[in-house]
Structures are given as structure tokens and as C-alpha cells.
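In the UniProt record's numbering, the protein residues as written are 1 to 1159.
In C-alpha cells, the structure reads:
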């Protein structure tokens, strides 16, 4: 197996994705300082799982992500991939090529992959176990690792030996096993706690189960009476339901008949209203048609007036044209006469040429002015006629718009009248509905007052019940406490008596007392405050069991009796031999101390005995001083009870007092319980009445809400119609304004047209006048021109004069032709206008006839509509009367239905209570309990017994069984855990044995190899490896001892860097001789070596390169020369590393030495 490829992207200075391909043999990585060479070895260790940021030469792991430069942005991820050749199946995975990938994101998240399949870091570590490959193994010797190999603690150096020995996997398994043991110990602790708790719970549940059994017995007795009571109440409810149903059916039938009649009348009213609406629509349509007829009449009238106006204009124009025609014909005759004159007059005019020329120019100037004036007048006439045409179009448009608005106004008037009638009808319906609401609200107010009174009574009862329950709770708590106190007291008495019976000393004391040899123990002679019992017991101790004898003989007799019967050893006080009490020895007693005897109560006859027993005992706080002895401290701890007789006597007195108190409390509880039962029955009856009234209130409230909704809907409809009327009023006002504006606009147009027609007349008169001036000026100009031309050149002037006259003749003839044509056109227009006037006059007559017909239809419709409205009003009055009767019947039906629902509610409630409480239906128990007498006193008595039991856990038996099963299960689990713990201890023993065996074997081999390689690298000297603790091979560290040639043995930390490096290389290759690593990275290990040592270093690497692939980071040229492949790391761009590869082809020269050629 060997490393085939390394891929980096975004790792440290490798911003871009780079790939380094490796082959078996030696690869050198070179480059200047700071270019990123060591980042390659860092990447390999990081990909193999290095988690320490410090090992990556960083303060935090995110710093391995490319951090950017001045020209490059940072990357969001660092990625490194290692590809291994696994053709020999060294790695435990079925792939001939294995790629391990690690990614780190700036968020801190890491991802690990094996052949692009995501995995855990643990999976990668497990895969490389015992292969010699790892981030902390001997396969990677980075900068600083040399010092670690030579100067590390022996315990740290041991890890390399474990890696070489292949026991790393055993170490991992042992750690996992130890963690599992810790988990088992924690589980055992929790299990033990659970067992203790479960045992306590089982004991408590046993008592609760017995209590639940007694409670169940009482429940069965109570059920008989309660079921009988429920059956009687349900039977009464069924009878009432039958009666109500019988009375309700006729009422419902009467209500439905009247309601149906009311609905029929309402339907008739609605049909009539639909008919009325249809008639209103017809009225609106006829009104619209009438408006259209009036509008058409107005349009026809406008057309006739316009036609007459045009007729007047055309006739005036014809007169003008005829006048112009006569004038032009006269001009033609004059021009023809002049032409004849010119043809005959050939005299000399040369003398007058200059005068004639001047006269001609003056005449021509005058003629041009007249022509310009004529052109301006004609242009103005054309403009006026165009404006008149525009006004005619606008006038026609305004007339059409006015007609449309008139039609809309008529339609809106009709709609407003219809809406006002609808509003009047709706308003007439509101008042009766308000009266109905007032009547219902009055009944509601009465019902609310009733329910308020009932609820007040309920509250008073609830208050009394709550107060009684509080009293009951207090009494029950007191009773429970008293019972617990009584049980505790009785238990304490039994415990004391049991101890008194079972304790051998107490048995011996009773035997002696029965013999009559002694009066009794000291504890029976004294009485004390219970708070001082422990203090007295601490002070007197065993003296409390001393027996009092009158004489020594009795004491001897008692002792003999004890010896003969094998009883316990006892101490006796002989009262006749008691000396006088001695005084207390001086011990520096504190102030406020008290003699012990003052805390005791005793008979005067026993005073001498008690004083003797308490002689010299002083009490100060919790301390007891007795002669030369002082006792005190924390809590007292007595294995046996003391002052038994006194305790039993007081406890029995206390038990009697508690029993009396319990009897009184039980009597009071029984009394209050009876009162509560009576109050609850009263409250239940009031509750039924409240439910009945509430049901009525809900029904009445629903009726009111329905009526109010009707009113709201009616008011909304009225407001809606009013809004429509207001809107229509606004539209009508707007239409009136618009019509007025149209009338005003039409008047303005008429006025403007009149003015324009007047201007046309003036323009025409101007044209006629100017044309006359033109006609007068033209001959003068032509004469002057003719005379001038004639005088200028005779023939030419004559010819030109003739041509001029001919042109004028032609021009005038064209004017004559235009006047003739125009006259013919005007005649045609006149004929057309007369035809239009006749047509429109006939049309107006027809429209007037249609208008009269529509007016008749409208009058007829108004009469029908009034009759139909009267009929609707009569039907509406009849409907209101019938509706009042329907509402009255509905109120009766609702009231009866409320009663029916109330009884059904009570019946269903009782039946549900019967099913829920006793699991039986009414039909199942009816026959059995129908005649059973209900004894309420017996019910109350049973309930008191049940309440006296206090809180009862009904599921105690089931819980007890479940808990017992759980307890047994936990016991089984505990046994399983104990067995698993034993198994794990066996596993650890086996792991330890294998670890010790492999470690010792590997250590011996590495030790021998190290000695040999050290001498080989140093050319002599001595070196050795020693265990720090040979008796503990599992944890023993490894020490290095080295003595280079010619030096004395000393601490390796005092050697030079080169000596340390060679020592580390010797140790490294000693490991390789035992277990070669598939590849090895040496990061500038040769830096401290001189030329001589470099040679030995290179030779050693070449020797081992046959089995191990080497990647060497170096600056040394000789080290570079031995490499098969050179990778150069450069930093062309500041902060970004790049790779340049060179393959070394080695050939032998003629001397048998290798030469390198690169490609």
C-alpha cells in the first residue's frame, strides 16, 4: 500500500485546487521559506484526523481555511483528500483504491468521507489502526517532532512503541470497555435507587389496595339506593314528556296552518310587487319612448329651420350670380368692341408712349390693390362657411346629447317615484316589528329577574356548600393527621413493647422482677420532659437499666438466678448501702449549668436513690459534666430506646386523647356531610329551573335577534333606496344642469351662426363691390397698357393688346360659365332642401301622433298601478294581522318546547349519569328498581363511611401488580448488569495480557534495532532504550540513553541539533524495521545535519525506500538529488502557493554512477 495522490483546495495557502501525484520511492518537496511546503504535511495529518489547532500552527482550526490576500477573497471551506493504493488489501475495505476526504467550513462544521461516502472521524481512525498511518504516529515526522522523539516524556514516547507493536487497537478497545464499565456502574447506581424506591412504593400500595377494597364494598351498597333514586326521577321525567308532547302537537298544527296561510299571502304580495315592478318597468320604457319621440320632434324642427335658412342663403346667392352674369356679358361685348378698335386703329402713338406708360403703371397698381382686396374677401368668406359647417355639426351633436339626457331624466324620475313607494311600504312594516320586540323584551326582563333570583339562591347555597367543604377538608385533614398520629403512636407503643419483649436485657429484668428480688429498673422510678429524654439518656446511659434492691442478699439472689437461667448480665443498686451524695469535682464548669436531678420527676421515697444515680452530673446546654468526664457533640445515637415505661405510659394517654378527638371529628364530619347533601339537592333543583328559564331566554333572544335582523335588513334596504334616490336626485340635478348647459350652448351656436351669416352677407357685398371696382379698373389698366404697348411697338403692341383682351374675354367667359353652373347647383340644392322640408314636416306630424298615443298609454298605466298598489296595501294589512297570530302561537309552541327540552335535558342527564356512574342503561334497571324504596338516611350513612376512609386510590391493586412486575424486572436487570460487569473485567484482563505481550516483544526488537542503527549512523557510540517501570508494562514509559563516539554518557537534551536529529532518525527506522509504515513524511529533518551526516541520512532513506514510500521536505541539494520526483512549491502570487513537478530519470554513466536527467 502507498499514497497515490494528495488533493488540496482552500487549505492554508493553497487557494486553488492542486493535485500531487506520488509513486513508490522517494519524492522531494522543495521551495523557499514561507512558500507553503510544510502545509502539505499539515494537510496530510489534518486529513487523517488531527484535531489540535496548535499542531496545525494555528490558534483555532478555522485558520486552516484560506484567509484571502489583497487581491483574492477568502474561501468558505478547506478540503484535503488522500488517495491510497489498496491493491494488497492492507486497509479493511473492499476497494483497490481508497480516498479519504476531510472538509471544514467557516461555521465550524466538519465532514469526513471514505470514497465519497460520508462517515465519522472514528471510522477513519479505525480503518488506519495498526497500519502505522496516523496523524500522531511515526509515519509523519514534521518540524519539532525530532525534539519530541528525543526529549519527550517517557510516557508520551510510549505511544510510538504501541503503534509499532500494533496494540493501539487494544488500547482503543480497553478505553471503550472502561467507558462501558463506567456506564454500567452509573446504571447500577440508578438501578439500586429505583429498587429502593419501588420497594417503598410496593409497601405503601399494599395498604392502599386494602383500603380500596373496603371503599369498593361501600360503593356497591350505595349504588343500589342511588340507582333506585335515578330510576324514579327518570320515570317522572318520561311521564312529563308524554304529557307535553300530547299538548304540543295541536299547537304545532295550528301554528303551521296559520304560518302556511301567512306564507301564501306573503307570496301573493311578492307576486303583486313583482307585477308592480314589471308595470313600473313598462312605464319607464314608455316614458323613454315618449322622450325619444319628443327628441326626434326637436331634431326634425331643427332640420326644417336649418333647411329654410339655407334656402334663403341660396336664393340670395342666385340673385347675386345673375347680376354678375349680366355684368360679365356686357364686359365681353366691350372687350370684343375694343378688339375691333385695336384691329382698325394703326395710327402712330409714339409721342404719347411715356405718358401712357406712366398712366398704365398707376392703373396696374390700382388694379393689383383691388385684386388683393378681392382675394382677402373671398378667403374670409371661405373661412366663415367652414366655421358655419363646424357649428352645424356641433349643433347636431349637442341636440343628440340633449335628447339622450332628457330620456335619462325621465327614466330617473320614474325610478325615484318607485323607490319612494317602496320606502313607504318598508317603513310601515317596522313599527309592528318593534312592538313585537318590546313585548318579547318585557318577558325577557321578567325571565332575567327570575334567573337572577335563582342564581342568587344558587350562589348562597354554593357558598354554604363551599364553606362546609372547607370545614370538611379541614376536619378531614385534621382527622387524617390524627389517624396518622394515632397510627404512629400505636406503632411506637407496639415497637416499644416488642423491644421490651425481645431485648435480652429487658427479658432478664422482667424475670428478676417476677422473682421479687428487686423493685424495678431506675427508668421506672423517674419521669422527665420528652424534650430532655435524649439528654437524660446520654447522661445516665446504662444506669437506667440498673435494678434497685433493698438489701445485698436480694441482689445476690437475683444474680444467682440470672446465672442459673443463663440470662443477661444486670447491674443492681443496693439501697441500704447508698452513701451520701458526693460533691462535683472542680472542672471549670460554665455559668448557667444545672444539676441533672432537676430535670427528673420521682417519688420522695426514691430521692436517695435518684440523688446517688445523678451524683456529680451537671448539665450545661447539650453538654453533660460528671466528675472528671465531659460528654457532648452532635446528635445522640442510641441503638435501643430508653425510658420505655415512661414513654409507653405517655403514648397510651396520648392515644386515648387522639381517639376521643377522632370520634368528635367524625361526628362533626357526618353532620356537615348530611347538610351538604341536602344543600346540593336544593342546588340541583334550582339548576334545573335555571336551565329551563335560560332555554326560554335563549329562544326569546333568538326571536328578538331575528326580529331585529328583519328591522336592520329593512332599515338597510330603506337606506339603500334612499341612497339610490339621493344618487338619482344628484344625477337629475346634474342632467338638468347639463340640459341647461346644452340649451345655452345651442343658443350660443345660433347666435354665432347668425353673426357668421351676417358676415357672409357683408363679405359677399364686399366681393361684389370690389369686383365692380375690378371691372372698372381693368379697362382703364388695359387701355393704358394697350396705348402704351401700341406706342412702344406698333404691331407687337397691337398683338399684345389683342391677346390681353382675348385673355380677359376668356377669363370673363369662365366666370360666366361658373355662374351658370353654380346657379344650376343652387337650383338642385333648393330642390333638395324643399324635399327635406316636406319630408321632415310629414315626420313631425307622425311623431306628434305617436306622442299623443304614448301619453294615453301612460295615463292608462298610472290608473292600473294605483289600483294594484291599493290591492297590495290591503293584502299587507291582512298579512300583518295573520302574522301577529302566528307569532303568538309560536311563543306558546316555543314555551312548550322549552319545557320539553328541559325535561329531556334532565332525563338525558340522569340517564347519562346512570350509565357513566353504574354502567347500566335505564331500560336495563327499570324493572328491577322501579318499586324500590329510596332510603336517604342510609345513603348519607354510607357516604359518611366512604368519606371517613379519606382519599382512596382505586387503581391501587393494578398499580401494585404493575409495580411488582417492574420491581422483578429491575432485579433481573441488576443481575444482568452484574454479569456484564464481570464479563467486561474478563475482557480487560485479556486485552491487558495481549497488550503486555505484544508491547514487550516489540520493545525488545526495536531496542536491538535502535542500538544497531545508532552505531551505523554515528559510526560508533552506544545507545539504548529502557523501561521506566518494568513491573508495569501497561503504563511504563520509555527512556532513551545515547553516547555518541568519543563523548561521555549524558542527558540527551544536552546534545546538538544534528545529534538529536540522527538519534530520532535511528529510532524512526528502528520502528520501520519492526513494522514499516506504507509511507513516511520527513519535514526538514535534515536541516541540522552536516554534509557527512547527510550522506548517512540519505543512505538510510534509500535503504528503506524499497518498503516505504518517502515524502521529504528539504532545502538540502544532496537530499533533492536522491529523489525520484521533485515538487517545487512557489508563491508567484503573494499569499497563494502553486506546485511545479519534475520527474528525475536516473541513468548510469560510463563510470557506473547515476546521472539525473529531468523532464
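Where a beta carbon is used, it is the ideal one built from N, C-alpha and C, also for glycine.
Item                                                                                                                          : Value
Beta-carbon proximity list for residue 14, same chain, < 6 Å, skipping 5 on both sides                                        : 8, 1137
Segments of 3+ residues assigned as beta strand (DSSP E) that fall wholly inside the stretch 991-1042                         : 1022-1027
Straight-line Cα distance separating residue 1094 from residue 1118                                                           : 8 Å
Nearest-angstrom Cα separation, counted from residue 284 out to residue 701                                                   : 44 Å
Cβ separation of residue 35 and residue 1129, assumed to be a contact under 8 Å, to the nearest whole Å                       : 5 Å
Sheet register partners of residue 137 (DSSP bridge)                                                                          : The partner list for residue 137 (beta bridge, DSSP) is empty, contrary to what the question assumes.
DSSP state of residue 969 mapped onto helix, strand, coil                                                                     : helix
Alpha helix (DSSP H) segments (min. 4 residues) lying fully within the stretch 1051-1096                                      : 1057-1074
Length at least 4, wholly inside the stretch 300-329: the alpha helix (DSSP H) runs in chain order                            : none
Inter-residue CB distance, residue 742 and residue 279 (contact presumed, cutoff 8 Å)                                         : Their Cβ separation, rounded to whole angstroms, is 32 Å, which puts residue 742 and residue 279 out of contact at 8 Å.
Backbone CA spacing between residue 286 and residue 884 [nearest angstrom]                                                    : 41 Å
Which of helix, strand or coil DSSP assigns to residue 346                                                                    : Residue confidence is low: residue 346 scores 48 on pLDDT, short of 50, so the model does not pin down where it sits. Its coordinate-derived value is still stated next. If DSSP states are grouped into helix, strand and coil, residue 346 belongs with coil.
Unbroken alpha helix (DSSP H) run spanning residue 48, endpoints                                                              : Per DSSP, residue 48 belongs to no alpha helix (DSSP H) and is neither H nor E.
Backbone secondary structure at residue 432 - three-state DSSP                                                                : helix
Buried or exposed (CB count within 10 angstroms, at least 16 for buried), residue 637                                         : Annotation note: pLDDT 45 at residue 637 (below 50); position unreliable, coordinate value reported separately. Residue 637 should be labelled exposed.
Among 41, 45, 16, 32, the one whose alpha carbon lies nearest that of residue 75                                              : 16
The stretch 881-900 in contact with the stretch 308-325 per 3-pair CB rule at 8 Å                                             : no
Presumed contact (8 Å Cβ cut-off) between residue 30 and residue 1026, rounded CB distance                                    : 39 Å between Cβ atoms; not a contact.
Residue from 621, 380, 69, 63 whose Cα sits closest to the Cα of residue 108                                                  : 63
Strand pairing of residue 103, partner residues [DSSP]                                                                        : 79, 111
Close beta carbons around residue 98, own chain, < 6 Å, minus the five adjacent residues each side                            : 84, 86, 91
Bridge partners - residue 283, DSSP secondary structure assignment                                                            : Answer by DSSP bridge pairing: none, since residue 283 is not bridged.
Contact the stretch 113-127 vs the stretch 155-163: 3+ CB pairs below 8 Å                                                     : no
Residue range of the unbroken beta strand (DSSP E) whose run includes residue 542                                             : Unbroken run through residue 542: none, as it is neither H nor E.
Assigned secondary structure, residue 250 (DSSP; H/G/I helix, E/B strand, else coil)                                          : helix
Buried versus exposed, by CB contacts within 10 Å (16 or more), residue 630                                                   : exposed
Neighbourhood of residue 1011 by C-beta distance below 7 Å, restricted to the same chain and skipping five residues each side : 1023, 1024
Inter-residue spacing [alpha-carbon to alpha-carbon] between residue 903 and residue 697                                      : 16 Å
Simplified DSSP assignment, three categories, for residue 1190                                                                : It is not possible to answer for residue 1190, since the shown part of the chain is limited to 1 through 1159.
Beta-carbon proximity check, residue 1034 vs residue 1074, cutoff 8 Å                                                         : no
Identity of the residues DSSP links to residue 521 by a beta bridge                                                           : 547
Proximal residues to residue 19 (C-beta, below 7 Å), its chain only, five neighbours per side dropped                         : 5, 7
Residue closest to residue 461, alpha-carbon to alpha-carbon, out of 772, 676, 149                                            : 676
Segment contact, 8 Å Cβ cut-off, at least three pairs: the stretch 804-823 with the stretch 260-271                           : no
For residue 400: DSSP bridge partner residues                                                                                 : Answer by DSSP bridge pairing: none, since residue 400 is not bridged.
According to DSSP, residues forming a beta bridge with residue 921                                                            : According to DSSP, residue 921 bridges with nothing at all.
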